[in-house]
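Enquirer:
2 protein chains.
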Amino acid sequence: MPTTGKLLVTTDVLTQGIDFLLDQASPRQIGRKAMAVNLSDIAAMGGRATAALVGLVLPQSPSIAEFARELYLGLEEMAGEFGIPIVGGDTNSWPGGLVVSVTVLGERAGAPLLRSGAKLGDAIFITGPCGGSILGRHLNARPRLNEIEQLIGSATLNSCIDISDGLTADLGHILDASGCGAMLDADAIPIHPDAQLLARQSGTSPLHHALTDGEDFELIFTTSEAEAVKLINVPHAIRIGTIVESGLWLRDSTGVTPLQPQGWTHDFTRPNHGQ
Amino acid sequence: MPTTGKLLVTTDVLTQGIDFLLDQASPRQIGRKAMAVNLSDIAAMGGRATAALVGLVLPQSPSIAEFARELYLGLEEMAGEFGIPIVGGDTNSWPGGLVVSVTVLGERAGAPLLRSGAKLGDAIFITGPCGGSILGRHLNARPRLNEIEQLIGSATLNSCIDISDGLTADLGHILDASGCGAMLDADAIPIHPDAQLLARQSGTSPLHHALTDGEDFELIFTTSEAEAVKLINVPHAIRIGTIVESGLWLRDSTGVTPLQPQGWTHDFTRPNHGQ
Numbered sequence: 081m082p083t084t085g086k087l088l089v090t091t092d093v094l095t096q097g098i099d100f101l102l103d104q105a106s107p108r109q110i111g112r113k114a115m116a117v118n119l120s121d122i123a124a125m126g127g128r129a130t131a132a133l134v135g136l137v138l139p140q141s142p143s144i145a146e147f148a149r150e151l152y153l154g155l156e157e158m159a160g161e162f163g164i165p166i167v168g169g170d171t172n173s174w175p176g177g178l179v180v181s182v183t184v185l186g187e188r189a190g191a192p193l194l195r196s197g198a199k200l201g202d203a204i205f206i207t208g209p210c211g212g213s214i215l216g217r218h219l220n221a222r223p224r225l226n227e228i229e230q231l232i233g234s235a236t237l238n239s240c241i242d243i244s245d246g247l248t249a250d251l252g253h254i255l256d257a258s259g260c261g262a263m264l265d266a267d268a269i270p271i272h273p274d275a276q277l278l279a280r281q282s283g284t285s286p287l288h289h290a291l292t293d294g295e296d297f298e299l300i301f302t303t304s305e306a307e308a309v310k311l312i313n314v315p316h317a318i319r320i321g322t323i324v325e326s327g328l329w330l331r332d333s334t335g336v337t338p339l340q341p342q343g344w345t346h347d348f349t350r351p352n353h354g355q
Numbered sequence: 081m082p083t084t085g086k087l088l089v090t091t092d093v094l095t096q097g098i099d100f101l102l103d104q105a106s107p108r109q110i111g112r113k114a115m116a117v118n119l120s121d122i123a124a125m126g127g128r129a130t131a132a133l134v135g136l137v138l139p140q141s142p143s144i145a146e147f148a149r150e151l152y153l154g155l156e157e158m159a160g161e162f163g164i165p166i167v168g169g170d171t172n173s174w175p176g177g178l179v180v181s182v183t184v185l186g187e188r189a190g191a192p193l194l195r196s197g198a199k200l201g202d203a204i205f206i207t208g209p210c211g212g213s214i215l216g217r218h219l220n221a222r223p224r225l226n227e228i229e230q231l232i233g234s235a236t237l238n239s240c241i242d243i244s245d246g247l248t249a250d251l252g253h254i255l256d257a258s259g260c261g262a263m264l265d266a267d268a269i270p271i272h273p274d275a276q277l278l279a280r281q282s283g284t285s286p287l288h289h290a291l292t293d294g295e296d297f298e299l300i301f302t303t304s305e306a307e308a309v310k311l312i313n314v315p316h317a318i319r320i321g322t323i324v325e326s327g328l329w330l331r332d333s334t335g336v337t338p339l340q341p342q343g344w345t346h347d348f349t350r351p352n353h354g355q
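Protein sequence lines correspond, in order, to chains D and S.
Its first residue numbered 81, the first sequence is counted upward by one per residue in our numbering.
Its first residue numbered 81, the second sequence is counted upward by one per residue in our numbering.
(1) To the nearest angstrom, report how far apart Q104 of chain D and H218 of chain D are at their CA atoms.
(2) Would you say H253 of chain S and I243 of chain S are within 8 angstroms of each other, going by their C-beta atoms?
(3) Give every residue of the same chain whose Cβ lies closer than 7 angstroms to the Cβ of A123 of chain S, excluding the five residues on either side of it in the sequence, and list them in chain order.
(4) What residues from chain S crowd round S181 of chain D, counting only those whose CB sits closer than 7 angstroms?
(5) So is V134 of chain S buried or exposed if we call it buried at 16+ other beta carbons inside 10 Å?
(6) Here's the rule: buried if 16 or more other CB atoms are within 10 angstroms of the residue's CB, otherwise exposed. What is L330 of chain S?
(7) What do you get for Q96 of chain S, buried or exposed, if any count of 16 or more other CB atoms within 10 angstroms of its CB means buried?
(8) Give me the DSSP bridge partner(s) of T284 of chain D.
(9) Can you give me the C-alpha to C-alpha distance between G335 of chain S and D265 of chain S, rounded to a whole angstrom?
(10) Thinking C-beta only, is G154 of chain D closer than 8 angstroms to P107 of chain D?
(11) Decide if D99 of chain D is buried, meaning its Cβ has at least 16 other Cβ atoms within 10 Å, or exposed.
(12) Check whether chain S comes within 8 angstroms of W174 of chain D, counting only Cβ atoms and requiring the distance to be less than that.
(13) For L178 of chain S, collect the residues of the same chain with a Cβ closer than 6 angstroms to its Cβ; drop the 5 residues on either side in sequence, then sort them by chain order.
(14) Let me know if I91 of chain D comes out buried or exposed under the rule of 16 or more other beta-carbons within 10 Å of its beta-carbon.
(15) Please check the pair S239 of chain D and T302 of chain D, which I expect to be a contact at CB under 8 angstroms, by giving their CB distance rounded to whole angstroms.
(16) List, in order along the chain, the chain D residues whose C-beta lies closer than 7 angstroms to that of T90 of chain S?
(17) Going along chain S, which residues have a C-beta under 7 angstroms from L185 of chain D?
(18) Mapping DSSP to helix, strand and coil, what is F348 of chain S?
(19) Given this structure, state the Cα-to-Cα distance separating I204 of chain D from L101 of chain D, to the nearest angstrom.
(20) In angstroms with no decimal places, state the Cα-to-Cα distance between A262 of chain S and L255 of chain S.
(21) Spell out whether any CB of chain D is found under 8 angstroms from the CB atom of G97 of chain S.
(22) Cβ closer than 7 angstroms: which chain S residues qualify as neighbours of G127 of chain D?
(23) Pull up the DSSP beta-bridge partners for N172 of chain D, would you.
(24) Report yes or no: is there a C-beta of chain D within less than 8 angstroms of the C-beta of G177 of chain S?
(25) Round the Cβ separation of R359 of chain D and G126 of chain D to the nearest angstrom and send it over; I've been treating them as touching at under 8 angstroms.
(26) Between which two residues does the beta strand (DSSP E) carrying A203 of chain D extend?
(27) Whole angstroms are fine: how far does the CA of V167 of chain S sit from the CA of S326 of chain D?
(28) Using the rule of at least 16 other Cβ atoms within 10 Å of the residue's Cβ for burial, across every protein chain shown, is H353 of chain D buried or exposed?
(29) Considering only the beta carbon of each residue, do P315 of chain S and I271 of chain S sit closer than 8 angstroms?
(30) Are there 16 or more other CB atoms within 10 angstroms of the CB of P351 of chain S, so buried, or fewer, so exposed?
(31) DSSP state of T47 of chain D, grouped into three classes?
(32) Does N118 of chain S pass the burial test, meaning 16 or more other C-beta atoms within 10 Å, or should it be called exposed?
(33) Can you list, in chain order, the residues of its chain whose CB lies under 7 angstroms from that of Y152 of chain D, leaving out five sequence neighbours each side?
(34) What number of angstroms, rounded off, separates the C-alpha of L88 of chain S from the C-alpha of S234 of chain S?
(35) So, are the CB atoms of G246 of chain S and T183 of chain S less than 8 angstroms apart?
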């Protein structure tokens, strides 16, 4: 296929029992998710996805043909929603569990957007509310390809990552790679209704879920203050904090609390946090 | 990464127990093979490989770190022999068996060389001797990237495929895709010494092994007669037959025998066949 701009490529392997459970996800959902996580990686690089390849290792079972058909439909459905063709692949079967390996190609006019580009004083943004994805949203992730295209068209972004491990964990990857810290505004963190729901069961706060739950697939990105101004009227650009010299901090009306970059520990019990 | 020409991409997934046995192949060999089969696919498209990605699913075991290191060294070694960087990937572990998924990107100045391009009257070539790869050569395949580059620089090829299933089986893929047949010259088929060795154990002829054994990773390609002349002094261009209207035939001094496009059946017992 012909390409313009710089070539981007990403690959992610999903395995039964680790990334999905066959009794909790339909093959169609597994297919959609396997494609979505890769498309999300291209979005996080500020790219436009152009094509996908699929490597399948199928368990040997009498009903595997129908299972494989559904799985592939899920892969095609998700790719199709963004107009991306599946241009190749490899299918095997074996006595082991299901493995779905997806590679997505993309392109970008300039240098790829990296997690290492955050600069002191940058504004930190997120594309949408987080937390509680385990209630089902993690199986229906929608990669933020359209959102990143709009954002890039509006301002120059310095760094970006998608949320797979959790808001603070993935922001931590930006901070590690960029050699800086972050101050988050508790009141500004967008909390998903699922985080509210889950908090009632878990006994931790909705904010805790928003900050630490994984697989939201929202994008975290940073821009200079001058560029941040250009995003004021752009949907999906929710300012949540500022890049500082070091550490990871949460600020609310009561003061400043240090956060673990890899997410809050589960014994975090401070009540009334940012609701 | 910047690209010139048309982008090529291929992905192959190797699984424990199907593509390799852990008690018969070292992790280094598995890594080399997983990379080699993908590079071979790029060679078969007439391309130049440019970058690779690796998706690993590792069994959980106490010695897995050393195993993974060796596996990755094998992947890097094979890629490195052709100056190809491994630019990304994904590594997971699970209670199941080993899965190695490799994606290789490549490029080609013109349209990709396909198995569907063979034309009536084309000369059929192979890049080297076949048969008996199971004696160990299949674990040490050398993709014919340099050979195809030289061939393409010398003549216009019409179709190409690499031998993974076997000479007649893979030639059969060209014939199916191109809607034609082939007449092979028994005396011209290059027989690997391993095929001679294996024939002593198997009781079938070395030629049978050369025609039907898989995983040789030589390339089969076709050119017009006019272009074939340009390959007379090119090493690795061994003429083995001619594209005809239909069927798959083997010609020797005693006459013409029909071949099964998917390889000879194992009860083939005609003696003195083309040695």
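Just so it is clear, CB atoms sit at the ideal spot from N, CA and C, and this is done for glycine as well.
Computed from a prediction, not measured in an experiment: that's the story for all the values here.
Expert: This is what the structure holds:
(1) If I take the Cα positions, the gap works out to 12 angstroms.
(2) At least 8 angstroms separates the beta-carbon of H253 of chain S from that of I243 of chain S.
(3) Sequence-distant Cβ neighbours of A123 of chain S in its own chain, meaning closer than 7 angstroms and more than five residues away, are P223, R224, L225, I228, D242 and L299.
(4) In chain order: V93, G135 and S181.
(5) Flag for V134 of chain S reads buried.
(6) Counting the other CB atoms within 10 Å of its CB gives L330 of chain S a total of 16 or more, which places it among the buried residues.
(7) Taking every protein chain shown into account, the CB of Q96 of chain S has 16 or more other CB atoms within 10 angstroms, so this residue is buried.
(8) T284 of chain D has no beta-bridge partner at all, per DSSP.
(9) Each residue's Cα considered, the two are about 10 angstroms apart.
(10) Yes, these two residues count as a Cβ contact at 8 angstroms.
(11) Buried is the call here.
(12) The beta carbon of W174 of chain D sits closer than 8 angstroms to some beta carbon of chain S.
(13) A distance below 6 angstroms between beta-carbons, with the five flanking residues on each side excluded, links L178 of chain S to the following residues of its chain, in chain order: Q96 and P139.
(14) Checking the sequence shown, residue 91 of chain D turns out to be Thr, not Ile. Around the beta carbon of T91 of chain D, 16 or more other beta carbons sit within 10 angstroms, so the residue counts as buried.
(15) So it is a contact: roughly 5 angstroms between Cβ atoms.
(16) Residues of chain D passing the Cβ test: G168.
(17) Within 7 angstroms Cβ-Cβ: V89.
(18) With a pLDDT of only 32 at F348 of chain S, under the threshold of 50, the placement of this residue in the model should not be trusted; the figure read from the coordinates follows. F348 of chain S falls in the coil class under three-state DSSP.
(19) Cα to Cα, the separation comes out at about 34 angstroms.
(20) Going from the Cα of A262 of chain S to the Cα of L255 of chain S covers about 7 angstroms.
(21) Contacts with chain D at 8 angstroms (Cβ-Cβ) include G97 of chain S.
(22) By Cβ distance, chain S contributes nothing, its closest Cβ being about 13 angstroms from G127 of chain D, past 7 angstroms.
(23) DSSP lists D:V137 as partners of N172 of chain D.
(24) Closer than 8 angstroms to some Cβ of chain D, the Cβ of G177 of chain S qualifies, so yes.
(25) Residue 359 of chain D lies beyond the residue range present for chain D, which begins at 81 and ends at 355; the question has no answer from this structure.
(26) Counting along the chain, the beta strand (DSSP E) containing A203 of chain D begins and ends at A203 to I206.
(27) In a straight line, the C-alpha of S326 of chain D is about 30 angstroms away from that of V167 of chain S.
(28) A caution first: H353 of chain D carries a pLDDT of 34, below 50, which makes its placement in the model too unreliable to give a value.
(29) Not in contact: P315 of chain S and I271 of chain S (Cβ atoms no closer than 8 angstroms).
(30) Confidence is the limiting factor: at P351 of chain S the pLDDT is only 35, short of 50, which leaves the residue's position unreliable, though a coordinate-based value still follows. Exposed, because fewer than 16 other Cβ atoms sit within 10 Å of the Cβ of P351 of chain S.
(31) In the structure as shown, chain D starts at 81 and stops at 355, and residue 47 of chain D therefore has no counterpart that could be examined.
(32) Taking a 10 Å sphere around the C-beta of N118 of chain S, we find 16 or more other C-beta atoms and assign the residue as buried.
(33) G111, listed in sequence order.
(34) The alpha-carbon atoms of L88 of chain S and S234 of chain S are separated by roughly 21 angstroms.
(35) The beta carbons of G246 of chain S and T183 of chain S sit no closer together than 8 angstroms.
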